[in-house]
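Before any comments, here is the structure.
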Amino acid sequence: MARPGTAAAPLRVAIIGAGPTGYYATDALLHKEGVVVEVDLFDRLPTPYGLVRLGVAPDHQKIKSVTAAFDRIAQHPRFRFYGGVEFGKTLTLVDLRSHYHQIVFCTGAQTDRRMGVPGEDLAGSHPATEFVGWYNGHPDYRDDIFDLSVERAAVVGVGNVAVDVARILCRTREELLSTDIADYALEALSRSRIREVYLLGRRGPAQAAFTNPEIKELGELAGADIAVRPEEVELDPLSRAALERSEDRAARKKVEILQGYAVRKPSGKSRRLVVRFLVSPVELVGDATGRVTKIRLVRNELYATETGAIQPRATGEFEELPVGLVFRSVGYRGVPLPGVPFNDKWGVILNAKGRVLDPDTKRPVVGEYTAGWIKRGPSGVIGTNKPDAAETVECMFEDLAQGAVGTPEQPSAAVVDALIRQRQPNVVSYQDWLKLNRLEIENGRAQGRPRIKFTRVEDMLAAIRQN
Ligand code: NAP
């Protein structure tokens, strides 16, 4: 049989997950010279863009403008979007293998890592992923309840997600009004009684995972003063030597910014955002009703491991912070997909450069690939996924050139389309999505906001039908 990739027999590719990586992979596939590729992009939600819509903070609208590039990619005549189609439910791996030559899994990291301390599951203790989903209008989290009537909240971790969560908790209603935060979250946060937010880092300022623009932004909040303890941002000898040796100017700048905050006088804003270092949670303590009331912390010291990494080590010194809400923001984690080999330790699909590997033979599974966070773990910014997807696509074309592609019985765009519509009558096309997008923007305009999101799947489907 002729190798696929011609006008008469296009290479048929299914991509699972319509986040940034799904689009970057699509783009690389559709622009390969000399190979005719057809891409079907699937998402379990009716809406595309993944974390750009549902993860990037609503007060970071500029970052969200990357969706204009995604929409341009979607205009390609050999591209189709299928929203509301869940891998493993609407379509199984067996279905995909019988209709596509290649399958790419780009499902991101859909859950969170745990801290592993007692009390983690008390009421009032939440994974940051759920709060992020809630304020961004994710249909799965829109009905979650966060008790914003308490006065103090702790966010564990000092990555950019922790910074997002702390910042959103500290924003004023006026600041949130210019964002596309979900309307119910805007109302709930406007009524919030939270006065103090603690951001808790287990290592020192030189090792903090947040980036400089993000930590600078925390010093410019309209309604919250930032507070840092001078002794916690004083560099220890190990970190000082490591910074002096390294070329990492950004890390030096980060420490400078934080030391600047340590000498800042409070200006009397109604909220306080306290950034702490060298502390680890050891327990969340609850009341008789099972609600968190305190977080118990141990003070850490830093030491160098055999490989030279600077790590925290508990001292015998403890303290307690009275808090009614805790958000753990200690990293995302990938979720296994039915039938797809998974590396449980790393929380990623078992792969080499994006080629899915058979767990027994460690050899590539023909026709199956992965890209993005579910390939390499939850690190980097949106743009990091572009070269990551390109690496995977390169492997896909190398394998095609070797004749190592799947052998679907029915590699037909029309046949799979009919199957999908039969299994999921409410499938959402790109045209449908663009309609929803227009409606969200129009609804926002009336209130001077960038958009007002639909947050329930039924509402999205009703709006598509009626317009
Ligand atoms: P991250 O950058 O990996 O940060 C995780 C944080 O959790 C680190 O501070 C880590 O400390 C801490 N941590 C891990 N285990 C812990 C434990 N058991 N106890 C206490 N602290 C613990 O992850 P993320 O914040 O989830 O972000 C994921 C990726 O998305 C990152 O690449 C981030 O830059 C990116 N992102 C970017 C933006 C933006 O550009 N504005 C916004 C959001 C997310 P250690 O360093 O000590 O391990």
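Quick note on this note's numbering: the sequence shown kicks off at -9 and runs consecutively.
Think of the CB as a built atom: it goes at the ideal place given N, C-alpha and C, for glycine as much as any other residue.
All values derive from a computational prediction rather than experimental measurement.
Closer than 7 Å: residue i CB and nearest the ligand NAP heavy atom
i, result
"serine 369", "yes"
"histidine 116", "no"
"threonine 445", "no"
"asparagine 290", "no"
"glutamate 204", "yes"
"glutamine 197", "yes"
"histidine 66", "no"
"alanine 152", "yes"
"glycine 149", "yes"
"valine 145", "no"
"methionine 105", "yes"
"threonine 201", "yes"
"histidine 50", "yes"
"valine 320", "yes"
"serine 236", "no"
"arginine 192", "yes"
"serine 257", "no"
"serine 270", "yes"
Coil, strand or helix - residue i by DSSP
i, result
"lysine 284", "strand"
"threonine 119", "helix"
"arginine 261", "strand"
"isoleucine 410", "helix"
"aspartate 389", "helix"
"glycine 209", "coil"
"arginine 2", "strand"
"alanine 141", "According to the sequence shown, residue 141 is glutamate rather than alanine. Glutamate 141 falls in the coil class under three-state DSSP."
"asparagine 126", "coil"
"aspartate 102", "strand"
"aspartate 30", "strand"
Candidates the options: closest to residue i by CA position
i, options, result
"aspartate 350", "Gly344, Val406, Tyr359, Leu340", "Leu340"
"threonine -4", "Ala18, Val27, Ala8", "Val27"
"isoleucine 431", "Glu120, Lys54, Pro440", "Pro440"
"proline 195", "Ala252, Ala214, Lys52", "Ala252"
"arginine 193", "Gly147, Arg185, Asp154", "Gly147"
"glycine 465", "Arg43, Ala342, Arg87, Val218", "One cannot answer for residue 465 here, as it falls past the ends of the chain, which runs -9 to 457."
"arginine 318", "Lys343, Phe60, Gly109", "Gly109"
"alanine -2", "Lys425, Lys259, Val25, Gly9", "Val25"
"arginine 286", "Arg446, Ser270, Tyr13, Glu165", "Ser270"
"tyrosine 14", "Cys96, Leu190, Val84", "Cys96"
"glycine 324", "Val275, Glu141, Gly7", "Gly7"
"tyrosine 76", "Asn416, Asn433, Ala452, Glu307", "According to the sequence as given, residue 76 is glutamate; it is not tyrosine. Closest by alpha carbon: Asn416."
"alanine 404", "Arg103, Arg70, Ser260", "Arg70"
"alanine 156", "Arg132, Glu186, Gln392", "Glu186"
"valine 320", "Ser55, Arg62, Lys352, Asp102", "Asp102"
"glutamate 310", "Gly298, Tyr188, Asn427", "Tyr188"
"aspartate 33", "Asp449, Ile410, Arg132", "Ile410"
"phenylalanine 332", "Lys365, Gln301, Ala436, Val313", "Lys365"
"glutamate 177", "Gly191, Arg132, Glu207", "Arg132"
"aspartate 49", "Gln456, Gln412, Leu166, Val282", "Leu166"
"leucine 390", "Lys206, Arg104, Thr162, Arg345", "Arg345"
"arginine 303", "Glu291, Ser419, Thr80", "Glu291"
"valine 107", "Leu274, Leu190, Ile454, Gly434", "Leu274"
Exposure label - residue i; buried when at least 16 CB within 10 Å
i, result
"alanine 240", "exposed"
"valine 371", "exposed"
"glycine 373", "exposed"
"isoleucine 171", "buried"
"serine 402", "exposed"
"lysine 52", "exposed"
"aspartate 378", "buried"
"valine 245", "buried"
"aspartate 348", "exposed"
"phenylalanine 308", "exposed"
"tryptophan 423", "buried"
"proline 117", "buried"
"tryptophan 336", "exposed"
"glutamate 141", "exposed"
"valine 84", "exposed"
"isoleucine 158", "buried"
"isoleucine 184", "buried"
"alanine 59", "exposed"
"glutamate 204", "buried"
"phenylalanine 293", "First, the amino acid is wrong: residue 293 is tyrosine here, not phenylalanine. With fewer than 16 Cβ atoms within 10 Å of its Cβ, tyrosine 293 is classed as exposed."
"isoleucine 5", "buried"
Would you say the region 142 to 157 touches the region 199 to 216, given that touching needs at least three Cβ pairs under 8 Å?
Taking one beta carbon from each stretch, the region 142 to 157 and the region 199 to 216 have 3 or more pairs nearer than 8 Å; the two touch.
Can at least three beta-carbon pairs, one atom from the region 120 to 134 and one from the region 39 to 51, be found at a separation below 8 Å?
yes
Does the pairing of the region 78 to 93 with the region 391 to 408 give three or more beta-carbon distances under 8 Å?
yes
When the Cβ atoms of the region 9 to 24 are set against those of the region 64 to 74, are three or more pairs found closer than 8 Å?
yes
Do the region 380 to 394 and the region 351 to 369 make contact, defined as three or more Cβ pairs closer than 8 Å?
yes
Between the region 260 to 274 and the region 205 to 222, are three or more C-beta pairs nearer than 8 Å?
yes
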